[in-house]
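Q: First, the structure itself, so that you have it in front of you.
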Amino acid sequence: MNPNRKISRCMAVYSAILGTIYIIVGSIEFSTAFWNWFIKPGDNLSLLGLPCDDLLGGFAALVIGAVFFGALPLWRARREAVGFALVGALLSATFGAVYLLIVVADGIGTLLAFLSGEEWTWNWLTSGTSGTGLLRPEIWLALLSAPLGYIALKAARQSEKSEKPRGLISQKSP
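Just so we're aligned: the sequence shown equals residues 1280 to 1453 in my numbering.
Okay, here's the thing in structure tokens:
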């Protein structure tokens, strides 16, 4: 087995694992938020400690999981599927960064409250505006998808260098 095929198979397995985790997390977040908003409004149903009121965050996790599943043709060394792994990693990093910024904003709010005379608390780390603070799974999944993004970017650059321009016919001038 040549190294490129081995790397593409590893990327396919890694994408499948990340896609499965994102689909599980997204479906739990989406379904509990749907339950709490539309079926029993005001209910606080939560499964596995995941956020129970983030309908759009759950939908975004479902989309990221679906994008990661688009990289499964890498198992058969189809180079065009590298884009799915790369886009999935970029989406994962984007949403992870957004949730991390929410945690930082909660920390700044706590700091400002402390400076105005309130007592300091560390609750913003685990139960901030986004519900679970740093325990939000999208933050940790973004960190887990970073190696896949790096490998996919490297593979995309290698395939770009190895491709010859198509459609260009070299003609000798008389």
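We put the CB at the ideal spot given by N, CA and C, even for glycine. Computed from a predicted model, the values in this text were never measured in an experiment.
Can at least three beta-carbon pairs, one atom from the region 1369–1377 and one from the region 1413–1424, be found at a separation below 8 Å?
A: Yes, since at least three Cβ pairs between the region 1369–1377 and the region 1413–1424 fall closer than 8 Å, the two stretches touch.
Q: Does the region 1290–1309 come close enough to the region 1346–1360 that 3 or more CB-CB pairs lie under 8 Å?
A: A contact exists between the region 1346–1360 and the region 1290–1309.
Q: With distance defined between alpha-carbon atoms, name the residue in R1357, R1355, F1363 and S1306 nearest to G1337.
A: Looking at the Cα atoms, S1306 is the closest of the given residues.
Q: A1345 and V1304: beta carbons closer than 8 Å?
A: Contact flag unset, no.
Q: Give me, in chain order, the residues of the same chain whose beta-carbon lies closer than 7 Å to that of G1386; leave out the 5 immediate sequence neighbours on both sides.
A: Once the five neighbours on either side are set aside, the close Cβ partners of G1386 are W1403.
Q: Let me know the secondary structure DSSP gives W1316 once reduced to three states.
A: Correct three-state label for W1316: helix.
Q: Excluding five sequence neighbours on each side, which residues of the same chain lie with their C-beta closer than 6 Å to the C-beta of A1434?
A: Counting only Cβ-Cβ distances below 6 Å, and skipping sequence neighbours, we find V1361.
Q: Please go through the same chain and pick out, in chain order, the residues whose beta-carbon is closer than 8 Å to the beta-carbon of T1405, but skip the five residues on each side of it.
A: So the list reads T1411, G1412, L1413 and L1414, once near-sequence residues are dropped.
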